[in-house]
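Below is one structure; the comments refer to it alone.
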Amino acid sequence: MGRSPSRAAASSHSRRPAFSHPARAWWNPSALRRTRTRLNAHTMPPTFICGDIHGQYDKLVRVLRENGLIRETLAWNGGDAQLWFMGDFVDRGEDGIPAVDLVMRLQREAEAAGGAVHALMGNHELLFLSAYHFGKRGGFRQAWLR
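Residues in the sequence shown are numbered consecutively from -17, following the numbering used here.
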């Protein structure tokens, strides 16, 4: 008797497929060795990470100034630096909107200077967007129960 369909399917899923597409090179360790790129920390631009601003605009400005990323005028001074914001711009403090406005302006200025400012959405932004969306429809719980 032949194999059952479930057993044959399980067997075929356990084999590695032979891909020739370069995007599938991770299946082939020798192809990975050929395409590996070494990163040189001495030639990479400086990278800064900032998280959980929570509407504390004055503290954000102080930290960016202390690290030489902005001037006294709040203009970008980081050159080719990479600045990452890990979310949670709003909540707790009163100045979430000015903090977001500053980050958005710095994104444009940093790009023009050869640097970059990246902003990820945190759980507090998600909560605010959810409250805005579901608040007009009777709440998240009611929508979820439907």
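Backbone N, C-alpha and C define an ideal beta-carbon position, used for all residues, glycine too.
Cβ-based neighbour list, residue i, same chain, cut-off 6 Å, excluding 5 preceding and 5 following
i             : result
histidine 100 : Trp66
glycine 104   : Gly69, Asp70
alanine 5     : Residue placement at alanine 5 is flagged as unreliable, the pLDDT there being 45, under the threshold of 50; the coordinate-derived value follows with that caveat. Here the set comprises nothing.
glycine 78    : Gly37, Phe71, Val72
glutamine 64  : Pro27, Thr29, Ala98
glutamine 89  : Val99
Residues near residue i in its chain [Cβ-Cβ closer than 7 Å; skip 5 each side]
i            : result
aspartate 73 : His36, Gly37, His106
leucine 109  : none
arginine 53  : Asn59
alanine 81   : Ile35, Gly37, Tyr39, Leu42, Phe71
Where the alpha helix (DSSP H) containing residue i begins and where it ends
i          : result
leucine 88 : 78 to 94
leucine 46 : 39 to 48
Cβ separation of residue i and residue j, assumed to be a contact under 8 Å, to the nearest whole Å
i            : j                : result
aspartate 70 : aspartate 34     : 4 Å
leucine 51   : phenylalanine 30 : 7 Å
valine 43    : cysteine 32      : Contact doesn't hold; Cβ gap of about 12 Å is too wide.
glycine 75   : proline 27       : No, glycine 75 and proline 27 are not in contact; Cβ-Cβ is about 30 Å, not under 8 Å.
Limits of the unbroken beta strand (DSSP E) element including residue i
i            : result
histidine 24 : Element bounds for histidine 24: n/a, residue is neither H nor E.
valine 72    : Unbroken run through valine 72: none, as it is neither H nor E.
alanine 98   : 98 to 101
Residues near residue i in its chain [Cβ-Cβ closer than 8 Å; skip 5 each side]
i             : result
histidine 115 : none
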